[in-house]
Amino acid sequence: MREELVRTTLMTGATGFLGNFVLRDLLQRGRRVVAILRAPLADRRERLLGLLQEIGLDARRCMENGQLILIEGGLPDSLPEPTWGRTDDILHNAASLELFTNGDPQGDPYRTNVEGAMAMLQWADRHEVKRVLAVSTAYTCGWNDGVIPEAFHDPAPQFQTDYEKSKWTAEMLFREWSRRNGRTLTVCRPSFLVGDSETGYTSQFAGFYQLARLVGVLKQQYHDPNNGTRTYIPLRIPGNPEDVQNVVPVDFVSRLIAEIVVRPQYQGRIYHLTNPQPPTNDLMKRCYEDYFGLHGGFFAPPDEVVGKCSPAESLLWDQYSLLTPRVVHTPQFDTSHTQEVMRDLGITFPALDKDRILRLFDWAARRNWGRSSSNSRKLDPVRIAHPRRPHDVPSDSQTKKS
Ligand SMILES: NC(=O)c1ccc[n+]([C@@H]2O[C@H](COP(=O)([O-])OP(=O)(O)OC[C@H]3O[C@@H](n4cnc5c(N)ncnc54)[C@H](OP(=O)(O)O)[C@@H]3O)[C@@H](O)[C@H]2O)c1
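If you're matching positions, the sequence shown starts at 14 in my numbering and goes up one per residue.
Now the structure itself:
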């Protein structure tokens, strides 16, 4: 590969769920990528190559022809020197997904997400890189209500988690950096990631999948083989049938990020990479019923159910706070910038209809919900614990570590 002819992206977080897909999509678009992997490099490299193989990319060939360079480094204090030549832009995707600091406010998620962002920007300055694309989260909006704009949230919202706050703080650092002349900052904000919309593949088995796994356990425990294939369980479901959860397929998010990285005309703004028509609780209920062969569930106000469960309900809802992201706060995300790119490039959103949701379940179930595959990542912290109103700040003992 002739280095002087191709543009080079320095990327963090390539070994992560989203990072695997974005790296694949960038390489498939001919981008030269230098990916920073944590130590020990040999282990991380083997895991990354295995994960990329699973999503259809033989990355060894890219390494052989110099299109992919894997280099050891970590955030915030061990970033590598650029032995690979020029860096045209940085795709900063790495993050700690810990929801809460665990007694040490300077530890993760702050350390990786805030100090890491700062270190990345200092690196950019030292090496005269003027284009940065930062992967953030749609939930830097915290508790803000209504339609959330594709803009920085200033003043600071009230946050549900330390994770959100750390990502918001990082956005502020990026914004400050971009104010100097000649710099271009792009921020991509996905909502909750789920697997590939076509194959169902996932390497992350957080809240969405954990709830489905428990519904499967419920079915096994209450199924009577003499009573047909459908199992009747009169189970109360805490929530409103019309409420939605903004889950978004990883392949859609990664494609948008890759298109924006390789097309400078779309850079310099904020993108909500969210689901324009998120599945309702009612649709999710029908998916669980069909996939697992259940009936008898009905919606009820959370206050009447949580803490007052029957044995069957207990199995699911004792962990309600860890399983159902943002059930009481479901903002609407403006996606004007994202829609513009989609229109220009003819990209359609892979709607999460029943077929696709069942495919996601099925893929994860065949992988034993992330418990058996050697390549799958350890269970990530459930993204959003039972949402707390701003006055109800969690103590350290309530934090959830993976
Ligand atoms: N997953 C979601 O639902 C979601 C939703 C919205 C936004 N996002 C954002 O999307 C991005 C990717 O998330 P993901 O779900 O793919 O996360 P992930 O699977 O947990 O991957 C995180 C990546 O960051 C790397 N990393 C973590 N701490 C690091 C450190 N101190 N130094 C260097 N690398 C470090 C990890 O490396 P190792 O493999 O070595 O651990 C891994 O490659 C993040 O910015 C996240 O905030 C994710």
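All C-beta atoms, glycine included, are put in the ideal place defined by N, C-alpha and C. Because the structure is a prediction, the values reported are computed rather than measured.
Option nearest residue i by Cα separation, candidates the options
| i | options | result |
| --- | --- | --- |
| L110 | T125, G98, A52 | T125 |
| A130 | I82, S179, L50 | S179 |
| D101 | P162, E77, T21 | T21 |
| A377 | T212, W136, T242 | T212 |
| M24 | V142, Q258, K232 | V142 |
| N288 | T242, G98, Q345 | Q345 |
| L36 | V263, G116, T114 | V263 |
| L62 | V19, R243, A72, V261 | A72 |
| A169 | V160, G159, M185 | M185 |
| E302 | H285, D357, E317, K367 | K367 |
| H342 | E94, V257, R193, L373 | V257 |
| S191 | L134, T242, E177 | L134 |
| D295 | T96, G320, R249 | R249 |
| Y279 | T244, P251, G29, R144 | R144 |
| E67 | C75, L88, D357, N33 | N33 |
| V19 | T28, R42, D38 | R42 |
| T40 | R74, R58, T351 | According to the sequence as given, residue 40 is Leu; it is not Thr. The shortest C-alpha separation from L40 is found at R74. |
| G69 | P118, E59, D38 | D38 |
| V261 | D158, L373, I246 | L373 |
| Q119 | Y222, W97, Y245, Y176 | Y176 |
| G79 | R45, G281, R380, Q332 | R45 |
| T351 | F312, P324, F265 | F265 |
| S9 | F305, M355, C322 | Residue 9 falls outside the range modelled here, since the chain spans only 14 to 415, and no answer is possible. |
| Y89 | A108, L104, M76 | The residue asked about is misnamed: residue 89 is Pro in this sequence, not Tyr. Cα-wise, what sits closest to P89 is A108. |
| I103 | F187, I370, K298 | F187 |
| F221 | D375, P53, E189 | D375 |
| V318 | Y333, Y304, R99 | Y333 |
| L371 | S323, A313, Y304, E77 | Y304 |
| P251 | K298, R226, T153 | K298 |
Range covered by the beta strand (DSSP E) that runs through residue i
| i | result |
| --- | --- |
| V260 | 260-262 |
| E141 | Here E141 belongs to no beta strand (DSSP E), and DSSP marks it neither H nor E. |
| R285 | Here the sequence assigns His to residue 285, which means Arg is not the residue at that position. 283-286 is the extent of the beta strand (DSSP E) around H285. |
| R45 | 45-50 |
| F205 | 205-207 |
| T25 | 21-25 |
Beta-carbon separation (whole angstroms), residue i vs residue j, contact threshold 8 Å
| i | j | result |
| --- | --- | --- |
| T174 | L269 | Not a contact, Cβ separation roughly 25 Å. |
| W382 | F205 | Between F205 and W382 the Cβ distance is about 17 Å, and since that is not below 8 Å, they are no contact. |
| N106 | G26 | 4 Å |
| T182 | V127 | 5 Å |
| A151 | P203 | 6 Å |
| L92 | A132 | 6 Å |
| N259 | P291 | 5 Å |
| L64 | S216 | 6 Å |
| H308 | T348 | That belief does not hold up - the Cβ atoms of H308 and T348 are roughly 36 Å apart, past 8 Å. |
| R12 | T96 | Given that the chain is displayed from residue 14 to residue 415, the structure contains no residue 12 and the question cannot be resolved. |
| R243 | G306 | 5 Å |
Residue range of the alpha helix (DSSP H) that includes residue i
| i | result |
| --- | --- |
| D38 | 30-41 |
| R74 | 72-77 |
| A364 | From DSSP, A364 is part of no alpha helix (DSSP H); its letter is neither H nor E. |
| H166 | Note, H166: premise wrong, no alpha helix (DSSP H); not H, not E. |
| G196 | The identity of residue 196 in the sequence shown is Arg, whereas the question assumes Gly. No alpha helix (DSSP H) holds R196; DSSP gives it neither H nor E. |
| V354 | 349-358 |
| F312 | F312 -> not in any alpha helix (DSSP H); beta strand (DSSP E) instead, spanning 311-313. |
| N294 | 294-305 |
| R60 | 54-67 |
| D175 | 175-191 |
| E326 | 324-330 |
May I ask you to verify whether the region 72-89 touches the region 48-58, counting CB pairs closer than 8 Å and requiring at least 3? By the Cβ rule, the region 72-89 counts as touching the region 48-58, because three or more pairs are nearer than 8 Å.
Pick out the complete alpha helix (DSSP H) segments inside the region 215-249, 4 residues or longer, and give them in chain order. 220-235
Looking at C-beta atoms only, is the number of pairs between the region 195-202 and the region 353-373 that lie closer than 8 Å three or more? With the cut-off at 8 Å, the region 195-202 and the region 353-373 do not touch.
Check whether the region 317-332 and the region 217-234 touch, using three or more Cβ-Cβ pairs below 8 Å as the test. yes
At a cut of 8 Å, does the region 235-249 reach the region 257-274 through at least three beta carbon pairs? no
Taking only runs that begin and end inside the region 80-132, name each unbroken beta strand (DSSP E) of 3 or more residues, in chain order. The qualifying runs are 81-85, 102-105.
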